[in-house]
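Quick note on our numbering: the sequence shown kicks off at 5 and runs consecutively. Just so you know, even glycine gets a beta-carbon here, dropped at the ideal spot from N, CA and C. Since the structure is predicted, the reported quantities are computational estimates derived from the model, not experimental observations.
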Amino acid sequence: MTPLTCCLTQPGAVSSAVGGSVSISCTTSQDVYDNHFSWYKQKDGESPKLLFHYVGSRVSGTPTRFTDGGSNSDFTLSISGVQAEDAAVYYCQTGFSINKEGVLWRRDTEGCSAQIKLRFL
Numbered sequence: 005m006t007p008l009t010c011c012l013t014q015p016g017a018v019s020s021a022v023g024g025s026v027s028i029s030c031t032t033s034q035d036v037y038d039n040h041f042s043w044y045k046q047k048d049g050e051s052p053k054l055l056f057h058y059v060g061s062r063v064s065g066t067p068t069r070f071t072d073g074g075s076n077s078d079f080t081l082s083i084s085g086v087q088a089e090d091a092a093v094y095y096c097q098t099g100f101s102i103n104k105e106g107v108l109w110r111r112d113t114e115g116c117s118a119q120i121k122l123r124f125l
């Protein structure tokens, strides 16, 4: 089997006022199957923190103001009631997925991730 080439795209940055709402988009170059799509948050000087393991699968400790969604090649992380501590770099990642031909697609975080920075107005 031949592994697929992986590419993820996010906009460079988004901005929000404290108390506002923001959506972060991530688009993949290939369709993602079985919801194998993750979101991470990394604050300055800290290690990345996993927010969602799969689409709709919130990791314990992830605030309910964070929601995720999407399918195929378009995914979104939304934050409602943005707090000051939400200022960070957010990463999207896809790890394991199977396309319609049954080809396994696996890439590590570095090879299959994208990042976006949340800024405040």
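When the Cα atoms are used, what is the spatial distance from residue i to residue j?
i      : j     : result
Trp43  : Gln97 : 6 Å
Ile102 : Val36 : Unreliable placement is indicated for Ile102, whose pLDDT of 46 sits below 50; no coordinate value is reported for it.
Thr68  : Ser82 : 10 Å
Val86  : Gln34 : 31 Å
Asn39  : Arg62 : 13 Å
Ser20  : Tyr95 : 18 Å
Ser84  : Phe56 : 16 Å
Gly49  : Gly23 : 24 Å
Tell me whether residue i sits in a helix, a strand or coil according to DSSP, three-state version.
i     : result
Asp90 : helix
Ser20 : strand
Lys47 : coil
For a quick check, are the C-beta atoms of residue i and residue j less than 8 Å apart?
i     : j     : result
Asp72 : Val59 : yes
Pick from the options: whose alpha carbon is nearest that of residue i?
i     : options             : result
Ser77 : Phe70, Phe41, Ala17 : Phe41
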